[in-house]
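> Numbering (this note's numbering), first residue to last: 1066 to 1442.
If you scroll down you'll find the structure; I have some questions about it.
Set out below in structure tokens:
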């Protein structure tokens, strides 16, 4: 009976996604919505993936309630084309199928031991993982301040770094063979001291639990009892037994953490990021505008200050943002700006960052892109 109703008389639902991006990474939560007017109108909803004839399967990581379809932890098997249809009445009257909404799920970088800080002289392994298994279709890359991007390893087996040194610290990510896709980047710090802060590698989502552990190099990775914890320079009094635990994190828990043992030895600082469902868009935009203004001021300042000799300015900026393809990347940007007098009244300003290189000639301040392969003197 449903197919006997002319299409012109059937309503068409609007399919949407929250958060509002379709590029996902392993473990990301996502909710699809099928909108068709008044929710109290008695509509029942059916969801289809890759075929308008076969409803989506039900499994533990999925939840279909009313007009919403939730994937609590994305896997590669969730990648595909989704459509929905609404039905009501007995016998059923059905809407048209919605337009297609395509979800893409990419690899993530796995670090073992699974922490952001590591002791020098030990070992760590890196691999690009899809659905729990290493994949040879992705390459582990690393950003190095002076020399740019390096390939660390590729292939299904990943790689092991042993023994680790301070020089292995840096920003690591997985990149597809075409270079078109990247996983969220991970900041790995190799510490030469005897105390590290064991914490999450990836950003947290509001509501997640957080446990930070103060670990000593010769404590067999056990918590240092009596260790003190600090957030943004202020002592945190709620720690116990060498661990700091927050049952459900919120935005205010984002910040810089470190720990200190009774003898005075400290870990390096570790930045913890807590992301919200919708706040990332506004925060990313705000940070982008702030960063743009900062660079403009830096360039202008250098142009005004350069008087016959080169001037150099270095700035490190850390933030979470959505790239052009709406993928989330945790980025640590190191900017090196050099002003070089070219001729009387004209100064060439070179900007080299972890993303690209640019140059401008003052006083116009019109940035011209140059090859990222060119290095700043």
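The beta-carbon is built from N, C-alpha and C at its ideal position, and this holds for glycine as well.
#1: Is it the case that the CB of residue 1305 approaches a heavy atom of the ligand GDP more closely than 6 angstroms?
#2: Mind checking whether residue 1150 and residue 1159 have CB atoms under 7 angstroms apart?
#3: Is it right to say residue 1225 is buried, meaning 16 or more other beta carbons lie within 10 angstroms of its own, or is it exposed?
#4: CA-CA distance, residue 1273 and residue 1216?
#5: Apart from the five residues just before and just after residue 1169, which ones in its own chain have a Cβ nearer than 7 angstroms to its Cβ?
#6: Excluding five sequence neighbours on each side, which residues of the same chain lie with their C-beta closer than 6 angstroms to the C-beta of residue 1121?
#7: Here's the rule: buried if 16 or more other CB atoms are within 10 angstroms of the residue's CB, otherwise exposed. What is residue 1172?
#8: Hey, out of 1223, 1277, 1096 and 1292, whose CA is closest to residue 1239's CA?
#9: Please report the straight-line C-alpha distance between residue 1219 and residue 1109, rounded to a whole angstrom.
#10: The beta strand (DSSP E) spanning residue 1083 covers which residue range?
#11: Where does residue 1263 fall in DSSP's three states?
#12: Could you say which of 1276, 1236 and 1162 lies nearest to residue 1312 if we only look at CA atoms?
#13: By the three-class DSSP mapping on this structure, what secondary structure does residue 1182 have?
#14: Use the C-beta contact count for residue 1074: other C-beta atoms within 10 angstroms, 16 or more gives buried, fewer gives exposed.
#15: My assumption, with CB atoms under 8 angstroms, is that residue 1262 sits in contact with residue 1335. Please give the rounded CB distance.
#16: What is the rounded straight-line gap between the Cα of residue 1080 and the Cα of residue 1117?
#17: Strictly by DSSP, which residues pair up with residue 1295?
#18: Closest to residue 1083 by CA distance: which of 1091, 1076 and 1095 is it?
#19: Assuming residue 1098 and residue 1133 make a contact with CB atoms under 8 angstroms, what is their CB distance in whole Å?
#20: Looking at the unbroken beta strand (DSSP E) that takes in residue 1147, where does it start and where does it end?
#21: Buried or exposed: which applies to residue 1307, given that a residue is buried once 16 or more other Cβ atoms fall within 10 Å of its Cβ?
#22: In chain order, what residues of the same chain have a beta carbon less than 8 angstroms from the beta carbon of residue 1300, not counting five sequence neighbours either side?
#23: Please classify residue 1165 as buried or exposed, where buried requires at least 16 neighbouring CB atoms within 10 angstroms.
#24: In whole angstroms, what separates the C-alpha of residue 1284 from that of residue 1265?
#25: Buried or exposed, going by whether 16 or more other CB atoms sit within 10 Å of the CB of residue 1119?
#26: Locate the beta strand (DSSP E) running through residue 1335, then write down its first and last residues.
#27: Does the separation of the CB atoms of residue 1234 and residue 1255 fall below 7 angstroms?
#28: Are the CB atoms of residue 1181 and residue 1257 nearer to each other than 7 angstroms?
#29: Just tell me which of 1155, 1167, 1206 and 1153 has its CA closest to the CA of residue 1174.
#30: Put residue 1169 into one of helix, strand or coil per three-state DSSP.
#31: Anyone know if the C-beta pair for residue 1322 and residue 1282 falls short of 7 angstroms?
#32: Can you check which of these residues, 1270, 1319, 1101 and 1138, is closest to residue 1152 by C-alpha distance?
#33: Per DSSP, which residues does residue 1308 bridge with? Please list them.
#34: When burial is assigned at 16 or more other CB atoms within 10 Å of the CB, is residue 1092 buried or exposed?
#35: Give the DSSP-derived three-state secondary structure of residue 1243 in the structure shown.
#36: Is residue 1237 buried or exposed, if buried means 16 or more other CB atoms sit within 10 Å of its CB?
So, from the listed chains and residues:
#1: With respect to the ligand GDP, the structure shown offers nothing to examine, as it has no ligands at all.
#2: Indexing the chain shown from 1 puts residue 1150 at position 85. Indexing the chain shown from 1 puts residue 1159 at position 94. The answer is yes: Cβ separation under 7 angstroms.
#3: In the chain shown, the residue the question calls residue 1225 occupies position 160. Exposed.
#4: Mapped onto the chain shown, residue 1273 falls at position 208. Mapped onto the chain shown, residue 1216 falls at position 151. If you take the alpha carbons of residue 1273 and residue 1216, they lie about 32 angstroms apart.
#5: Numbered from its first residue, the chain shown carries residue 1169 at position 104. For residue 1169, where only same-chain residues beyond five positions count, the Cβ hits under 7 angstroms are 1087, 1088, 1089 and 1144.
#6: Residue numbering aside, residue 1121 sits at position 56 when the chain shown is read from its first letter. Non-local beta-carbon contacts of residue 1121 in its own chain, meaning distances under 6 angstroms to residues more than five positions away in sequence, involve 1112 and 1114 in chain order.
#7: Reading the chain shown from its first residue, position 107 is the one you call residue 1172. Result: buried.
#8: Along the chain shown, one-based indexing puts residue 1239 at 174. With distances taken between Cα atoms, residue 1239 lies closest to 1223.
#9: Counted from its first residue, the chain shown places residue 1219 at position 154. Counted from its first residue, the chain shown places residue 1109 at position 44. Taken atom to atom, the span from the alpha-carbon of residue 1219 to that of residue 1109 is near 47 angstroms.
#10: Walking along the chain shown from the start, residue 1083 turns up at place 18. Residue 1083 -> beta strand (DSSP E) spans 1079 to 1083.
#11: Translated into the one-based positions of the chain shown, residue 1263 becomes position 198. Here residue 1263 sits in strand by DSSP.
#12: The residue you call residue 1312 lines up with position 247 of the chain shown. Considering only alpha carbons, the answer is 1276.
#13: Start at 1 with the first residue of the chain shown, and residue 1182 comes out as number 117. Note: residue 1182 maps to strand in three-state DSSP.
#14: Within the chain shown, residue 1074 is the residue found at index 9, counting from 1. With fewer than 16 other Cβ atoms within 10 Å, it is exposed.
#15: Within the chain shown, numbered from 1, the residue matching residue 1262 stands at position 197. Within the chain shown, numbered from 1, the residue matching residue 1335 stands at position 270. Separation of the CB atoms of residue 1262 and residue 1335 is rounded to 5 angstroms, and the pair is thereby assigned contact status at 8 angstroms.
#16: Reading the chain shown from its first residue, position 15 is the one you call residue 1080. Reading the chain shown from its first residue, position 52 is the one you call residue 1117. Rounded to the nearest whole angstrom, the CA to CA distance from residue 1080 to residue 1117 is 14 angstroms.
#17: Taking the chain shown and counting its residues from 1, the one referred to as residue 1295 is at position 230. According to DSSP, residue 1295 bridges with 1300 and 1323.
#18: In the chain shown, residue 1083 corresponds to position 18, counting from 1. Selected option, being the one with the closest Cα: 1095.
#19: As a first step, residue 1098 is located in the chain shown; it is residue number 33 there, counting from the start. As a first step, residue 1133 is located in the chain shown; it is residue number 68 there, counting from the start. Correct: roughly 5 angstroms between the Cβ atoms.
#20: For the purposes of this step, residue 1147 is identified with residue 82 of the chain shown, where counting begins at 1. From DSSP, the beta strand (DSSP E) with residue 1147 extends over 1145 to 1153.
#21: Numbered from its first residue, the chain shown carries residue 1307 at position 242. Classification of residue 1307: buried, given that the 10 Å Cβ count is 16 or more.
#22: For the purposes of this step, residue 1300 is taken as the residue at position 235 of the chain shown. Answer for residue 1300: 1293 and 1294, listed in chain order.
#23: Within the chain shown, residue 1165 is the residue found at index 100, counting from 1. It counts as exposed.
#24: If you number the chain shown from 1, residue 1284 lands on position 219. If you number the chain shown from 1, residue 1265 lands on position 200. The straight-line gap separating the alpha-carbon atoms of residue 1284 and residue 1265 is approximately 20 angstroms.
#25: On the chain shown, residue 1119 is found 54 positions in, with the first residue counted as 1. Exposed.
#26: On the chain shown, position 270 is the one that residue 1335 refers to. 1335 to 1337 is the extent of the beta strand (DSSP E) around residue 1335.
#27: As a working note, residue 1234 is residue 169 in the chain shown. As a working note, residue 1255 is residue 190 in the chain shown. For residue 1234 and residue 1255, yes; Cβs fall inside 7 angstroms.
#28: For this step, residue 1181 is matched to residue 116 along the chain shown. For this step, residue 1257 is matched to residue 192 along the chain shown. Remark: C-beta atoms of residue 1181 and residue 1257 do not approach each other more closely than 7 angstroms.
#29: Along the chain shown, one-based indexing puts residue 1174 at 109. When each option's Cα is compared against that of residue 1174, the closest is 1206.
#30: Taking the chain shown and counting its residues from 1, the one referred to as residue 1169 is at position 104. Residue 1169 sits in a strand when the DSSP states are folded into three classes.
#31: Taking the first residue of the chain shown as 1, we reach residue 1322 at position 257. Taking the first residue of the chain shown as 1, we reach residue 1282 at position 217. Their beta carbons are not under 7 angstroms apart, which means residue 1322 does not touch residue 1282 by this criterion.
#32: As a first step, residue 1152 is located in the chain shown; it is residue number 87 there, counting from the start. Cα-wise, what sits closest to residue 1152 is 1101.
#33: As a first step, residue 1308 must be located in the chain shown, where it is residue number 243. Answer is 1278 and 1305, bridged to residue 1308.
#34: Counted from its first residue, the chain shown places residue 1092 at position 27. The residue in question, residue 1092, is exposed, as its Cβ has fewer than 16 Cβ neighbours within 10 Å.
#35: Residue numbering aside, residue 1243 sits at position 178 when the chain shown is read from its first letter. Judged by DSSP in its simplified three-state form, residue 1243 adopts coil rather than helix or strand.
#36: Translated into positions along the chain shown, residue 1237 becomes position 172. Burial call: buried.
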